[in-house]
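Q: Residue numbers (the UniProt record's numbering): 1 to 129.
By construction, the Cβ of each residue, glycine as well, lies at the ideal position given by its N, Cα and C atoms.
Here the structure is a predicted model, which is why all the values come from computation and not from measurement.
There's a structure below that I have some questions on.
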């Protein structure tokens with residue numbers, strides 16, 4: 001899939017896609033002078049978009065993707081450095097904890113918004129009387 005098609009399908013500015021490429025988040029191959037996105041590139045892009053929706057910075061997303069690549073490489077080569085795997089496990093556990101904290105904060109915000117909605121409904125009922 002070419003960059004223009006990806007841009008349209010996922011409603012992402014072409015410059016944003018190029019920026020992700022410069023950061024190394026989504027690096028499509030080239031056919032001649034054109035970027036050609038594979039299914040894996042699209043999967044990476046969707047992952048980036050989901051992580052952004054969860055309010056992760058591009059730097060944090062890049063770290064998570066790097067961990068994933070290191071783990072895949074270790075699995076594929078069967079060369080597993082125990083210290084490196086332990087380090088990766090700690091990093092993944094920290095990211096997992098970060099997500100749990102964000103979920104708790106989102107639940108608090110959601111509760112506050114629900115209270116506001118109730119207040120608005122009460123106000124509207126009072127106006128109708």
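Quick one: what does DSSP say residue 27 is sitting in, helix, strand or coil?
A: It is coil, neither helix nor strand.
Q: At the level of alpha carbons, what is the spacing between residue 84 and residue 57?
A: Approximately 24 Å between the Cα atoms of the pair.
Q: Counting Cβ pairs closer than 8 Å, one from the region 72 to 91 and one from the region 104 to 118, do we hit at least three?
A: With a cut-off of 8 Å, the region 104 to 118 and the region 72 to 91 do not count as touching, because too few Cβ pairs lie within range.
Q: Would you kindly report the start and end of the unbroken alpha helix (DSSP H) that includes residue 9?
A: Looking at the DSSP string, the run of the alpha helix (DSSP H) that includes residue 9 is 3 to 10.
Q: So the candidates are 77, 17 and 82; which of them puts its Cα closest to the Cα of residue 41?
A: With distances taken between Cα atoms, residue 41 lies closest to 17.
Q: Who are the near neighbours of residue 67 in its chain, counting only those whose CB is closer than 7 Å to its CB and skipping five residues on each side?
A: Only 88, 91 and 92 meet the Cβ criterion.
Q: Is it right to say residue 72 is buried, meaning 16 or more other beta carbons lie within 10 angstroms of its own, or is it exposed?
A: Exposed, because fewer than 16 other Cβ atoms sit within 10 Å of the Cβ of residue 72.
Q: Can you give the beta carbon distance from residue 23 to residue 63, rounded, assuming they're within the 8 Å contact cut?
A: Going by Cβ atoms, the distance from residue 23 to residue 63 rounds to 12 Å, so no, they are not a contact pair.
Q: Residue 18 bridges to which residues according to DSSP?
A: Residue 18 is not bridged to any residue.
Q: Is the CB-CB distance between residue 26 and residue 20 below 7 Å?
A: Going by C-beta atoms, residue 26 is nearer than 7 Å to residue 20.
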